[in-house]
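Chemist: Right, I'll just put the structure down here and ask away after.
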Amino acid sequence: MELRDDQNIVDEVVRSKIKYAVSLLITLRKRNHSKELGSDIDNIWKISGFKNKKIFEKHFKLIMGFSVKNYIKSLPQRF
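Residue numbering for the sequence shown is 33 to 111, as defined by the working numbering.
What follows is the structure, given as structure tokens:
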């Protein structure tokens, strides 16, 4: 039973990190009206607390249902 509780905690931590990454992406999109946000996006996985970009992108897609790139494209250019 303890393993299951630990896994729930890990899942919640990952969800919190993705939620934070989404808030960062939205903030970047608001500040930068161009379609390409470049290197700013490349740092979001680090800022959000993931060990590498591949793991971040995997969890982002599982939780959000979009790749990071497609999620950004889905955001309005101007809020």
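Glycine residues also receive a C-beta, built at the ideal position from the N, C-alpha and C atoms.
1) Taking G81 and K51 to be in contact with their CB atoms under 8 Å, please state how far apart those CB atoms are, rounded to whole angstroms.
2) Kindly indicate which three-state DSSP category S106 falls into: helix, strand or coil?
3) Flag this pair as yes or no: are the beta carbons of R61 and L94 separated by less than 7 Å?
4) Which of the three DSSP states is assigned to F88 in this structure?
5) Kindly indicate which three-state DSSP category K83 falls into: helix, strand or coil?
Modeler: Per the coordinate set shown:
1) Not a contact, Cβ separation roughly 11 Å.
2) helix
3) no
4) Residue state, collapsed to three classes: helix.
5) coil
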